[in-house]
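Asker: Position one of the sequence shown corresponds to residue 0 (numbering that gives the first Met the number 0), numbered consecutively onward. The structure under discussion is supplied below as structure tokens; questions concerning it will follow.
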Amino acid sequence: MRHDQRRFDELRPIEITRRYTGSAPGSVLIKAGRTTVLCTASIDESVPPWKMKAENPTGWLTAEYSMLPGSTAPRKQRERSKVDGRTNEIQRLVGRSLRSIVDFEALGPRTITVDCDVLEADGGTRTLSITGGYIALVDALRTLKDVLPSDRPVLTASVAAISVGVVNGEVLLDLCYVEDSRADVDMNVVMTSKNEFVEVQGTGENRTFSRDLLNRQLDIAESGIRQLMKLQEEALARVI
0 MRHDQRRFDE LRPIEITRRY TGSAPGSVLI KAGRTTVLCT ASIDESVPPW KMKAENPTGW
60 LTAEYSMLPG STAPRKQRER SKVDGRTNEI QRLVGRSLRS IVDFEALGPR TITVDCDVLE
120 ADGGTRTLSI TGGYIALVDA LRTLKDVLPS DRPVLTASVA AISVGVVNGE VLLDLCYVED
180 SRADVDMNVV MTSKNEFVEV QGTGENRTFS RDLLNRQLDI AESGIRQLMK LQEEALARVI
């Protein structure tokens, strides 16, 4: 058993609250243990300048990520004019992951911005941002149902992400900070409901790892992502 009494392949308790705010057409507060992220999806009826040059411009999706100052200890400095390298890497990952399941021709010439703000960080903020960002995206698109094509879904699949790693020689799913900070191998896995990988970020922090160990981590990550997709589906089925 782990320090929080979870099995090696067990997710942290997941809580999902849709329509957490009233301004954005899609919003969700999602928690995995103590890690808490507010994800919102906003719609702009225009596209970036480089898209407008096309004869028939298609839509676009972008993402922004931030950790609020009180989300971690010691306090994180607020990013005012320039984001740091880690933040830029994560928001690009979130954007790539969500774009992988969007049909931009069906979306039409509009932009969706998914904002992921970390309220409390205890490991897995980037993966939870992707999982929650998808839910916010679905709710935002539902507000466009009267203007989107009825015969061509904008979303081609669902997407979710999870962390996995090797701690004290054992493969563990959904690492909290205590585990992540001492992991020998650390990995983030993003997959769609079509059983396809969007991204695999794996690093040997304190040791190298074999192909067999890589496969074991991917197998456990895939199992965790399937559980997350079921939770996404259940949350989106609830009438609010």
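Glycine residues also receive a C-beta, built at the ideal position from the N, C-alpha and C atoms. For clarity, every value in this text was computed on a predicted model and none was experimentally measured.
1) Using the beta-carbon count (16 or more within 10 Å), is W49 buried or exposed?
2) Taking C-beta to C-beta, are D8 and I219 nearer than 7 Å?
3) Are the segment 187 to 198 and the segment 78 to 97 touching, with three or more C-beta to C-beta distances below 8 Å?
4) Between the alpha carbons of A40 and L136, how many angstroms are there, rounded?
5) Do V184 and F208 have their CB atoms nearer than 7 Å?
6) Rounded to whole angstroms, what's the CA-CA distance from R79 to Y64? Just pull it up for me.
7) Quick one: is D145 buried, meaning 16 or more other Cβ sit within 10 Å of its Cβ, or exposed?
8) Specify the secondary structure class of D183 as computed by DSSP and reduced to three states.
9) Is K52 buried or exposed, if buried means 16 or more other CB atoms sit within 10 Å of its CB?
10) Let me check one thing: in DSSP terms, what residues is R17 bridge-paired to?
11) Given this structure, state the Cα-to-Cα distance separating R125 from I29, to the nearest angstrom.
12) Determine whether the beta carbon atoms of T71 and E104 lie at a separation below 7 Å.
13) Cutting at 8 Å between CB atoms, please list the residues of its own chain near E233, excluding the five before and the five after it.
14) Along the chain, which unbroken stretches of the beta strand (DSSP E) at least 3 residues long are found entirely within the segment 118 to 205?
15) State yes or no: is the C-beta of D173 within less than 7 Å of the C-beta of L37?
Answerer: Checking against the coordinates, here is how it stands:
1) As a first step, residue 49 must be located in the sequence shown, where it is residue number 50. Exposed, because fewer than 16 other Cβ atoms sit within 10 Å of the Cβ of W49.
2) Sequence index remark: in the sequence shown, residue 8 carries index 9 (1-based). Sequence index remark: in the sequence shown, residue 219 carries index 220 (1-based). For D8 and I219, yes; Cβs fall inside 7 Å.
3) yes
4) Here the question's residue 40 lines up with position 41 in the sequence shown. Here the question's residue 136 lines up with position 137 in the sequence shown. Those two C-alpha atoms are separated by around 6 Å.
5) As a working note, residue 184 is residue 185 in the sequence shown. As a working note, residue 208 is residue 209 in the sequence shown. Contact flag set, yes.
6) Sequence index remark: in the sequence shown, residue 79 carries index 80 (1-based). Sequence index remark: in the sequence shown, residue 64 carries index 65 (1-based). Distance between the alpha carbons of R79 and Y64 is about 13 Å.
7) Your numbering for residue 145 matches position 146 in the sequence shown. When all chains shown are included, D145 counts as exposed.
8) Along the sequence shown, one-based indexing puts residue 183 at 184. If DSSP states are grouped into helix, strand and coil, D183 belongs with coil.
9) Position 53 of the sequence shown, counting from 1, holds the residue named residue 52. That one is exposed.
10) The residue given as residue 17 occupies position 18 in the sequence shown. DSSP, once it has assigned bridges, lists V27 as partnering R17.
11) Start at 1 with the first residue of the sequence shown, and residue 125 comes out as number 126. Start at 1 with the first residue of the sequence shown, and residue 29 comes out as number 30. Going from the Cα of R125 to the Cα of I29 covers about 12 Å.
12) Sequence index remark: in the sequence shown, residue 71 carries index 72 (1-based). Sequence index remark: in the sequence shown, residue 104 carries index 105 (1-based). For T71 and E104, no; Cβs fall outside 7 Å.
13) For this step, residue 233 is matched to residue 234 along the sequence shown. Same-chain partners within the cutoff: there are none.
14) 158 to 166, 169 to 172, 184 to 191 and 196 to 203
15) Stepping through the sequence shown from its first residue, residue 173 is reached at position 174. Stepping through the sequence shown from its first residue, residue 37 is reached at position 38. Their beta carbons are not under 7 Å apart, which means D173 does not touch L37 by this criterion.
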